[in-house]
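Peer 1: The sequence shown begins at 1 in full-length UniProt numbering and counts up by one. Just dropping this structure here.
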Amino acid sequence: MKIIDAHQHYWHYNPSEYDWIDDSMKVLQQDFLPSHYKEEMKGNNIHGSVVVQARQSDQETKWLLDLADHNEHILGIVGWIDLKSKNLEHQLKEYKASTKLKGFRHVIHDELDIDFMLDLQFINGLRLLNEYNYTYDLLIKSEHLENTIRLIEQLPKMKLVIDHIAKPNIKKKEWDTWAIHLKKIAKDYPHVYCKISGIVTEADWYNWNEEELIEYIKYVIDIFGPSRVMFGTDWPVCQVASKINKIIELCEKPIYKNNHNIQYKLFNENASLFYSL
């Protein structure tokens, strides 16, 4: 089975542009480019990937699109765009020529205002994205899930995906509130998907427990169902806690290990369908 990695990043490391990469993440304080990722692909049966923005700028989106033009393994791009900009529709019209641009993302969980996503301009921007058939990645933490429900209710036909299972604090064994709200989203909003990615980095980087992580993975697959989850490595960020091969093994280990249909959906088909790869 050829894997589609639904979530990975590239960057030319510059401390001023990637200030979230602090000294606890020294392994990330270097360039990570397609040539580096191709080495990871070889040993892990990865066929292609969706590359997601790591900077919040139009420059980032254009740079990623340029990389996509020169690298066949990049199947899709999730870029960044200012949803509140007066020029939003003009930009979207220009981007329609870029067939590998599949959607957009904003780092919502870094906004100081917990209600950031409920701003009417932001929501209207999302509605416009939907009119142009773009998807949206929701990068949130568990404390944003209640507002995420309010947001989703206003976007009943838009293809949305929650990144990194909404980043529960696995290291501190967060479960109840996260599980309740995520289950409501999974149950009530069939147009919302969930990425099984970024899990090892929410656990203890140096001493994560495989059985504990499998419990989170299994729960997400159970509530969303096998057709609304997709696998992502979150490379290179994952490297603070694990290598790609270990992450793949981890996601294969729940009871679905011997169910090839579910494996294919998780590791390939769902990402392809969601992002129209």
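Even glycine gets a Cβ: it sits at the ideal position worked out from N, Cα and C.
In whole angstroms, what is the alpha-carbon distance linking tyrosine 132 and tyrosine 206?
Peer 2: If you take the alpha carbons of tyrosine 132 and tyrosine 206, they lie about 43 Å apart.
Peer 1: Would you report the Cα separation of alanine 271 and lysine 157, rounded to the nearest angstrom?
Peer 2: Answer to the nearest angstrom: the Cα atoms are 18 Å apart.
Peer 1: In the DSSP output, what is cysteine 194 paired with across the bridge?
Peer 2: Looking at the DSSP assignment, cysteine 194 forms a beta bridge with Ile162 and Val229.
Peer 1: Here's a check: name, in chain order, each residue in its chain whose Cβ is nearer than 6 Å to the Cβ of alanine 186, leaving out the five neighbours to either side.
Peer 2: Counting only Cβ-Cβ distances below 6 Å, and skipping sequence neighbours, we find Ile223 and Phe224.
Peer 1: Just to confirm, is the Cβ distance from isoleucine 46 to leucine 64 under 8 Å?
Peer 2: Contact: no.
Peer 1: For glutamine 121, collect the residues of the same chain with a Cβ closer than 8 Å to its Cβ; drop the 5 residues on either side in sequence, then sort them by chain order.
Peer 2: Leu83 and Lys84.
Peer 1: Using beta-carbon positions only, say whether leucine 101 and glycine 125 come within less than 8 Å of one another.
Peer 2: No, these two residues do not count as a Cβ contact at 8 Å.
Peer 1: By DSSP, does valine 107 sit in helix, in strand, or in coil?
Peer 2: Three-state result, valine 107: coil.
Peer 1: Only counting the same chain, and skipping five residues up and downstream in sequence, which positions put a Cβ closer than 7 Å to that of leucine 182?
Peer 2: Closer than 7 Å at the Cβ level, and outside the excluded window around leucine 182, lie Leu145, Ala166 and Ile223.
Peer 1: Write down every uninterrupted run of the beta strand (DSSP E) in the stretch 18-54 whose length is 3 residues or greater and which is fully enclosed by it, in chain order.
Peer 2: Fully enclosed beta strand (DSSP E) runs of 3 or longer: 46-52.
Peer 1: Spatial neighbours of isoleucine 247 within its chain, please: CB distance less than 7 Å, with the 5 preceding and 5 following residues excluded, ordered by chain position.
Peer 2: Once the five neighbours on either side are set aside, the close Cβ partners of isoleucine 247 are Val200, Thr233 and Cys238.
Peer 1: Pull up the distance between the alpha-carbon of aspartate 69 and that of lysine 172, whole angstroms please.
Peer 2: Straight-line Cα distance between these residues: approximately 42 Å.
Peer 1: Which first and last residues belong to the beta strand (DSSP E) in which leucine 92 is found?
Peer 2: It is not in any beta strand (DSSP E) - leucine 92 instead sits in the alpha helix (DSSP H) that spans 88-95.
Peer 1: To which residues does DSSP link aspartate 137 through a beta bridge?
Peer 2: BP columns for aspartate 137 point to Arg105 and Val161.
Peer 1: On the criterion of 16 or more Cβ atoms from any shown chain inside 10 Å, does threonine 148 qualify as buried, or is it exposed?
Peer 2: Answer is buried; the Cβ neighbour count reaches 16.
Peer 1: Among all the DSSP beta bridges, which residues are the ones paired with glycine 125?
Peer 2: Paired residue(s): none; glycine 125 is not in a bridge.
Peer 1: Which value, in whole angstroms, describes the spacing of the CA atoms of isoleucine 123 and tyrosine 189?
Peer 2: Cα-Cα distance, rounded: 17 Å.
Peer 1: Can you check the stretch 199-253 for any alpha helix (DSSP H) of at least 4 residues that lies completely inside it and give the ranges in chain order?
Peer 2: Taking only runs of at least 4 residues, the alpha helix (DSSP H) segments lying wholly in the stretch 199-253 are 210-224 and 244-252.
Peer 1: For isoleucine 74, report the span of its beta strand (DSSP E) as first-last.
Peer 2: Residues 74-79.
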